[in-house]
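**Q** The listed protein sequences correspond, in order, to chains A and H. So the mapping is simple: the numbering used here equals the position in the first sequence, first residue as 1, plus 1196. So the mapping is simple: the numbering used here equals the position in the second sequence, first residue as 1, plus 1196. Backbone N, C-alpha and C fix where the C-beta goes; we use that ideal spot for every residue, glycine too. This structure is a prediction, so every number in the text was calculated from the model and none was measured. Pasting a structure below so you can have a look.
There are 2 protein chains.
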Amino acid sequence: MQEATDLFIRHFKFWDKLTESQKDLLNQHTRTVHYQKGTQVHRGPLDCIGVLLIKSGQLRVYTLSEDGREVTLYRLFDEDIAILSASCTLDEVTFEVYIDAEEDTEALLTDAGAIRSLLDANIYARCYAYEKASRCLSEMLWKLQQILFLSADRRLAIFLMEESEKLGSDEIHLTHEQIARYMGTAREVVSRLVKYFTQEGLVKGARGKLTILDKKALQEIAGM
Amino acid sequence: MQEATDLFIRHFKFWDKLTESQKDLLNQHTRTVHYQKGTQVHRGPLDCIGVLLIKSGQLRVYTLSEDGREVTLYRLFDEDIAILSASCTLDEVTFEVYIDAEEDTEALLTDAGAIRSLLDANIYARCYAYEKASRCLSEMLWKLQQILFLSADRRLAIFLMEESEKLGSDEIHLTHEQIARYMGTAREVVSRLVKYFTQEGLVKGARGKLTILDKKALQEIAGM
C-alpha cells in the first residue's frame, strides 16, 4: 500500500528506525476504512481498533459518565492521528475515550495486534506512541480542568464563540440538548443560560438554532 | 552517591541501558533534599526542579485555577517518583501541576538539566519518562472526570470514607474550607452538605472536626 507508506513516512518520525520487516508488518496490517457520519468508531474499554490516520472527515473524541453524560475532549481532522483508539496496546494509558464520526470520514487503520508487536519490538516506535499519548492526555486534562473551573455562563459564551468561528457564521444550528452534551452539562443549565443571554440581547434563539447578536459582549463574558 | 545508585537500579528500569558516563551524570546531579511540612515544592509553570524520588514523607500533587481554587490529583509516598516536577524536560507534557509537602519529606532530587540531557541522549530513558508521565496523566484524568461527573454529596461521602480509611479512625480533623479544597469545590457547598449529613445522622460536626456515625449509610451514598 504505497499510499500508506507515504503517509507513514510523513507522520511517523520513527519510520527510518524500523527494520524492513517491521515496515512490512505495518503496511500489511493497514487498511482504508470509511465511517458514515454518526457511526461509533471506538467505544472506550469495549474496543481496541488500532491507530487511525485521518484522510478526510471529522472524528469527535469524548468521555462518558456511567449515567451517559458526555464531554467532548477534542476533534480530529485531516492528517491527524488517533492513538487512543489503540490504548489497549499502551499499558500505562489507563484512561479510555469514545470516538464518533461527526462527518463522513475516511482513514487508514493499522490494527492493534500489529501496533502491539511493533511497540514491543521497537523502542523508537514505543517512545513515539507514548509521546503522542502524553500530548493527547495533557490536552484532555486541560479541557476537563477548564470545564471544572469555569462558570457555566463563561463556558457557554466560549462555546458559542468557538463554534461561530469554526463555522464562519453567526448562526449555530444546535439544540440545547446538543450544546449541553458538548459542554458536559445538563440541558436545563443551557436553556436557563440561553434565556438569560436572550434577555440581555446577546443571542436570538429559534427551534434548533441560535444566532449571535452581540459578539463583543459574548467575548467579554468569555474572557477572550 | 551509592544510596542513589541503589534506588535508581531498583526504580529505573532503563538503568542497564545507560552508558557509564550517563550513570555518572545522574549520580552527580542527584542530591538529598528536605521539605518541611507545608512547603511549596513545585509551582506549576514557574518551576522545573527535576525528578523526585521520595524517601519518606508525603507530597500532594494538585491543580490550581486562575482564581486560586485547588483540586488534589494524587499523593506521593515512600519510594514514589514525581516525574511531573520535570515536565519542562518533556515537551509533549503540556499540563502543569503544583506540589506541596503535606508532611516533612525527604527525597532524592535529580536536577532538570541532567534529566534533559539524559532524555535527549538515551531513547530508553526517554521512553520510560513518557510511559511514567502517561500513567500519571491518565490517573489525573480519571480523577478530574470523577469530580466533574459525580454529584457533590457522593463526592463528600467518598472523601470522608477514604479519609477515615487512610487514618484508621472515624474522626476527621479538617475544616470545611480544607475539605472543599481537597474536593475542588466551594466551602459553602461542603457546609451545606455537612449540615444535611448531620441532620440525617450520618456525621457529627464540631469545630474543625467531623465524626462519622453511620458508615453504612455513607457507603451507600458513596456507591462503594
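At 3 residues or longer, and completely inside the segment 1323-1348 of chain A: list those beta strand (DSSP E) runs for me, N to C.
**A** You should have found no qualifying run.
**Q** Within 10 angstroms of the Cβ of residue 1402 of chain A, are there 16 or more other Cβ atoms? Answer buried if so, exposed if not.
**A** Counting Cβ neighbours within 10 Å, residue 1402 of chain A comes out exposed, since fewer than 16 surround it.
**Q** Give the residues of chain C in contact with residue 1265 of chain A, contact being defined as C-beta atoms less than 8 Å apart.
**A** The structure shown has no chain C; the protein chains it does contain are A and H.
**Q** Name, please, each residue of chain H whose Cβ falls closer than 8 Å to the Cβ of residue 1418 of chain A.
**A** Those within 8 Å of residue 1418 of chain A in chain H number zero; the least Cβ separation is about 14 Å.
**Q** Residue 1374 of chain A lies in the alpha helix (DSSP H); which residues open and close that run?
**A** That run of the alpha helix (DSSP H) goes 1372-1379.
**Q** Could you give the DSSP three-state label for residue 1245 of chain H: helix, strand or coil?
**A** Coil.
**Q** Note down, in chain order, every chain A residue with its Cβ under 9 Å from the Cβ of residue 1331 of chain H.
**A** The contacting residues are 1287, 1288, 1289 and 1290.
**Q** What runs of the alpha helix (DSSP H), each 4 residues or longer, lie entirely inside the segment 1202-1237 of chain H?
**A** Complete alpha helix (DSSP H) runs here, min 4: 1216-1224.
**Q** Kindly indicate if chain A contains any beta-carbon less than 7 Å away from that of residue 1268 of chain H.
**A** Closer than 7 Å: no.
**Q** Just the chain H side, please: which residues come within less than 9 Å of residue 1380 of chain A by C-beta, in chain order?
**A** 1344 and 1345, listed in chain order.
**Q** Is the Cβ-Cβ distance between residue 1210 of chain H and residue 1324 of chain H less than 7 Å?
**A** Taking 7 Å as the Cβ cut-off, residue 1210 of chain H and residue 1324 of chain H qualify as a contacting pair.
**Q** Hey, is residue 1265 of chain A close to the ligand SAM, as in C-beta under 6 Å from one of its heavy atoms?
**A** As far as ligands go, the structure on display features none, and thus does not contain the ligand SAM.
**Q** Near residue 1277 of chain H, what residues of its chain come up, given a Cβ to Cβ distance below 8 Å and the 5 sequence neighbours on each side ignored?
**A** Result list for residue 1277 of chain H: 1207, 1247, 1248, 1249, 1250 and 1328, in chain order.
**Q** Taking all protein chains shown into account, decide if residue 1137 of chain H is buried (16 or more other Cβ within 10 angstroms of its Cβ) or exposed.
**A** Residue 1137 of chain H falls outside the range modelled here, since chain H spans only 1197 to 1420, and no answer is possible.
**Q** Pull up the DSSP beta-bridge partners for residue 1294 of chain H, would you.
**A** DSSP output for residue 1294 of chain H lists H/1239 and H/1258 as bridge partner(s).
**Q** Taking the continuous beta strand (DSSP E) assigned at residue 1401 of chain H, which residues delimit it?
**A** First-last of the beta strand (DSSP E) with residue 1401 of chain H: 1399-1402.
**Q** Please list the terminal residues of the continuous beta strand (DSSP E) segment that includes residue 1394 of chain A.
**A** Residue 1394 of chain A -> not in any beta strand (DSSP E); alpha helix (DSSP H) instead, spanning 1383-1395.
**Q** Give the single residue among A/1198, A/1244, A/1234 and A/1235 whose Cα lies nearest to the Cα of residue 1222 of chain A.
**A** For the residues A/1198, A/1244, A/1234 and A/1235, the minimum Cα distance to residue 1222 of chain A belongs to A/1198.
**Q** Does any C-beta atom of chain A lie closer than 7 Å to the C-beta of residue 1319 of chain H?
**A** Residue 1319 of chain H counts as touching chain A.
**Q** So is residue 1296 of chain H buried or exposed if we call it buried at 16+ other beta carbons inside 10 Å?
**A** Classification of residue 1296 of chain H: buried, given that the 10 Å Cβ count is 16 or more.
**Q** Let me confirm a value: residue 1253 of chain H is counted as buried when at least 16 other C-beta atoms fall within 10 Å, else exposed. Which label applies?
**A** Buried, by the Cβ-count rule.
**Q** Excluding the 5 residues preceding and the 5 following residue 1378 of chain H in the sequence, name in chain order all residues of the same chain whose CB lies nearer than 6 Å to its CB.
**A** So the list reads 1268, once near-sequence residues are dropped.
**Q** Is there a Cβ of chain A sitting closer than 7 Å to that of residue 1312 of chain H, yes or no?
**A** No, because no Cβ of chain A sits closer than 7 Å to the Cβ of residue 1312 of chain H.
**Q** Measuring only the C-alpha atoms, how far is residue 1229 of chain H from residue 1220 of chain H?
**A** About 19 Å.
**Q** So what does DSSP say about residue 1286 of chain A, is it helix, strand or coil?
**A** Coil.
**Q** For residue 1409 of chain H, name the three-state secondary structure that DSSP assigns.
**A** Correct three-state label for residue 1409 of chain H: coil.
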